[in-house]
Amino acid sequence: MKKYCDKTYKIISNTEIGQGYFELKIQAGAALLRACKPGQFFMLTIPGVFLRRPLSVHDAKDGEISFLYKVVGKGTKILSRIKTGGLSALGALGNGYPLDTPLLPIIVAGGTGIASVYFLASKLKNKGILYYGARSKKDLLCLDKFKKLGWKIVVSTEDGSKGFKGYITDALEKQLTANKEPSRDAKLKNLLFVCGPNAMMKAVFKIAKEKNIKGFASLEEKMACGIGNCQGCAVKINGQNKMTCKDGPVFKIEDIEF
Ligand SMILES: Cc1cc2nc3c(=O)[nH]c(=O)nc-3n(C[C@H](O)[C@H](O)[C@H](O)COP(=O)(O)OP(=O)(O)OC[C@H]3O[C@@H](n4cnc5c(N)ncnc54)[C@H](O)[C@@H]3O)c2cc1C
Ligand code: FES
0 MKKYCDKTYK IISNTEIGQG YFELKIQAGA ALLRACKPGQ FFMLTIPGVF LRRPLSVHDA
60 KDGEISFLYK VVGKGTKILS RIKTGGLSAL GALGNGYPLD TPLLPIIVAG GTGIASVYFL
120 ASKLKNKGIL YYGARSKKDL LCLDKFKKLG WKIVVSTEDG SKGFKGYITD ALEKQLTANK
180 EPSRDAKLKN LLFVCGPNAM MKAVFKIAKE KNIKGFASLE EKMACGIGNC QGCAVKINGQ
240 NKMTCKDGPV FKIEDIEF
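For reference, each letter of the sequence shown is one residue, going 0 to 257 in numbering that gives the first Met the number 0.
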């Protein structure tokens with residue numbers, strides 16, 4: 000049975016929250032809000048571009064679903080200019096992150112990967128540690144929101160304008176190698192949640208393997224249909240072809256073959 004719906008939602012706001020970054024809020028009913036899981040996404044119809052564009056659910060509460068996105072091309076540029084009216088969207092799609100874990104969550108996010116993991120952090124039982132890397136200070140989003148949730152935050156920027164200078168994976172590895180278990184509670188084992196550019200994810204997977212830490216990653220493949228029909232988002236998972244949109248986008252780290 001199909002669990003998603005294709006309908007037009009009222010736009011509540013579409014605001015620039017940083018240079019080139021926008022938060023879009025659409026009105027949603029109680030049933031959809033209850034059904035939305037962290038890690039799921041919507042395929043948005045944007046006038047003037049051929050295919051729908053996927054955006055992760057950034058939050059879902061108080062009658063609103065929000066999306067956080069970066070303007071990178073034609074579709075997101077047009078989207079950023081739509082301020083009122085209706086927006087057609089297909090969702091909520093995909094499997095989402097598992098939430099029922101007694102372990103201590105470590106989220107590793109790079110760039111707009113932060114969009115899906117805020118909703119995740121807000122729903123996990125245990126407060127954990129966010130490792131968040133971006134190009135520069137101006138590209139770091141949502142830090143106050145994570146602080147409000149009570150999460151510990153480690154940031155890195157490539158230009159050194161805030162936090163650790165370099166890649167966030169270097170900060171994570173350094174901390175783990177120094178034998179400083181990145182844990183707020185020594186009794187709890189860590190569980191990784193990862194979302195970001197492929198190069199960052201590959202580096203995290205290597206660290207996870209070396210340190211024997213389990214986890215989940217949300218993959219971002221180019222998507223055309225979003226519902227498993229076009230085969231355009233195929234990835235190798237544990238030796239088998241899987242569709243990122245329908246079988247994912249969240250997979251076990253140890254099963255992903257880049
Ligand atoms: C499941 C999923 C969830 C996503 N969630 C978010 C989100 O919450 N926030 C956000 O900012 N972005 C997210 N993305 C990426 C977003 O869909 C693309 O940035 C967007 O579709 C680009 O559309 P465009 O027309 O502006 O750019 P295009 O003109 O189509 O492309 C411009 C540039 O963006 C790159 N690009 C296009 N599609 C993707 C993609 N799927 N992944 C990575 N790079 C892409 C292209 O290679 C090109 O360099 C998500 C992608 C997926 C698959
Ligand atoms: S986007 Fe069509 S099968 Fe995944």
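Glycine residues also receive a C-beta, built at the ideal position from the N, C-alpha and C atoms.
Next item on the list: Could you please give the first and the last residue of the uninterrupted beta strand (DSSP E) stretch that includes Ser87?
Entry: Here residue 87 corresponds to residue number 88 of the sequence shown, with the count starting at 1. Element bounds for Ser87: 85-92.
Beta-carbon separation (whole angstroms), Gly214 vs Leu190, contact threshold 8 Å = Stepping through the sequence shown from its first residue, residue 214 is reached at position 215. Stepping through the sequence shown from its first residue, residue 190 is reached at position 191. The pair is a contact, with the Cβ atoms about 6 Å apart (cut-off 8 Å).
field: Ser87 to Ile10 span [Cα, whole Å]
entry: Numbered from 1 along the sequence shown, position 88 holds the residue referred to as residue 87. Numbered from 1 along the sequence shown, position 11 holds the residue referred to as residue 10. For Ser87 and Ile10, the distance between alpha carbons rounds to 10 Å.
- Query: In or out: Ser217 buried (at least 16 other Cβ within 10 Å) or exposed?
  - Reply: The residue given as residue 217 occupies position 218 in the sequence shown. By the neighbour-count rule (16 or more Cβ atoms within 10 Å), Ser217 is buried.
| query | When the Cα atoms are used, what is the spatial distance from Ile212 to Lys188? | reply | Within the sequence shown, residue 212 is the residue found at index 213, counting from 1. Within the sequence shown, residue 188 is the residue found at index 189, counting from 1. Those two C-alpha atoms are separated by around 8 Å.
| task | Please say whether Thr156 and Lys164 have beta carbons closer to each other than 8 Å? | result | Here residue 164 refers to the residue found at position 165 of the sequence shown. Here residue 156 refers to the residue found at position 157 of the sequence shown. For Lys164 and Thr156, yes; Cβs fall inside 8 Å.
- Query: Closest by CA to Lys122, which one among Thr111, Phe145, Asp138, Lys136?
  - Reply: Reading the sequence shown from its first residue, position 123 is the one you call residue 122. Nearest option by C-alpha distance: Phe145.
| message | Please list the terminal residues of the continuous alpha helix (DSSP H) segment that includes Gly17. | response | Taking the sequence shown and counting its residues from 1, one reaches residue 17 at position 18. Not the alpha helix (DSSP H): Gly17 falls in the beta strand (DSSP E), residues 4-17.
Return yes when the C-beta of Phe257 is under 7 Å from any heavy atom of ligand 1, and no when it is not. Numbered from its first residue, the sequence shown carries residue 257 at position 258. Flag unset: Cβ of Phe257 not near ligand 1.
request  = Give me the Cα-Cα distance between Lys161 and Asn228, rounded to the nearest whole angstrom.
outcome  = Along the sequence shown, one-based indexing puts residue 161 at 162. Along the sequence shown, one-based indexing puts residue 228 at 229. Taking the straight line from one Cα to the other gives about 43 Å.
Tell me the DSSP secondary structure of Thr156 in three-state form. As a first step, residue 156 is located in the sequence shown; it is residue number 157 there, counting from the start. DSSP places Thr156 in strand when its eight states are reduced to three.
query = Taking the alpha-carbon positions, what's the Asp58 to Cys35 distance?
reply = Looking up residue 58 in the sequence shown gives position 59. Looking up residue 35 in the sequence shown gives position 36. Cα-Cα distance, rounded: 9 Å.
Just checking, does the segment 78-95 make contact with the segment 40-58 on the three C-beta pairs under 8 Å criterion?
yes
(Q) Could you check whether the Cβ of Ser79 sits closer than 7 Å to any heavy atom belonging to ligand 1? (A) As a first step, residue 79 must be located in the sequence shown, where it is residue number 80. No, the Cβ of Ser79 stays beyond 7 Å of every heavy atom of ligand 1.
Worksheet item: Under 8 Å between the Cβ atoms of Glu63 and Gln39?
Response: Sequence index remark: in the sequence shown, residue 63 carries index 64 (1-based). Sequence index remark: in the sequence shown, residue 39 carries index 40 (1-based). Contact flag unset, no.
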